[in-house]
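Numbering (our numbering), first residue to last: 4 to 175.
Just so you know, even glycine gets a beta-carbon here, dropped at the ideal spot from N, CA and C.
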């Protein structure tokens, strides 16, 4: 599928820390320029520290998968079904908004795990005339081919390798 309307598609992917942070930075820049942003977090339940600021900032609509309380490998089949339904709802709500920019955080993982209607996601993303930001790991060819920006964020060193747990305000 190729684009029907001109969009600017960003992909921030890889195994390194900073994909969501990058998307938040773009969100703040856009809002600072007077744009409206719909920021969607898939596979996250809204408990990360950045959510407090996103929810309080005018011109940012924040949406998340509130039923996501576990990593996907910990979910039962029933839980995955509930989360998939919620993800499809979030996608429709985001593209139904009047936002100038739509951030789909952890979208690539959601897409790769078939926890969203892939055909619908492709159609929404490739047929819009808005700025679209995708984060996650292992982008599929359809998004790579249509992307205008692709940044790969790789981990060279991480405190977790030394047994240091995720820290509030830094990793979440």
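Annotation for residue 64: no alpha helix (DSSP H) segment contains it, though the beta strand (DSSP E) segment containing it runs 63-67. Under a 10 Å Cβ-count criterion, residue 147 is classified as exposed, with fewer than 16 other Cβ atoms of the shown protein chains found around its own Cβ.
In the three-state reduction of the DSSP assignment, residue 154 falls in the strand class, which pools E and B.
For residue 107, the enclosing beta strand (DSSP E) has its first and last residue at 104-108. With respect to residue 159, residue 107 sits apart: the two C-beta atoms are not nearer than 7 Å. Cβ-Cβ distances below 8 Å link residue 52 to 171, 172 and 175 in the same chain, with the five nearest sequence neighbours on each side left out; the list follows chain order. As far as DSSP is concerned, residue 175 takes part in no beta bridge.
Annotation: residue 159 is outside any alpha helix (DSSP H) and is labelled neither H nor E by DSSP. Spanning the alpha carbons of residue 129 and residue 90 requires a straight line of approximately 18 Å.
Residue 48 places its beta carbon 7 Å or farther from that of residue 64. Taking residue 29 as reference, the option from 57, 45 and 19 with the minimal CA-CA separation is 57.
With contacts defined by Cβ atoms closer than 7 Å, residue 156 and residue 26 do not form a contacting pair. Nearest Cα to residue 96 within the set 40, 60 and 55: 40.
By the 16-neighbour rule on beta-carbons within 10 angstroms, residue 84 is exposed. Shown here for residue 163: same chain residues with a beta carbon closer than 8 Å to its own, the five before and five after excluded, namely 169 in chain order.
Annotation for residue 76: no alpha helix (DSSP H) segment contains it, and DSSP assigns it neither H nor E. Using a Cβ distance threshold of 7 Å, residue 114 and residue 13 do not count as a contacting pair. Under the DSSP definition of a beta bridge, residue 139 partners with 16.
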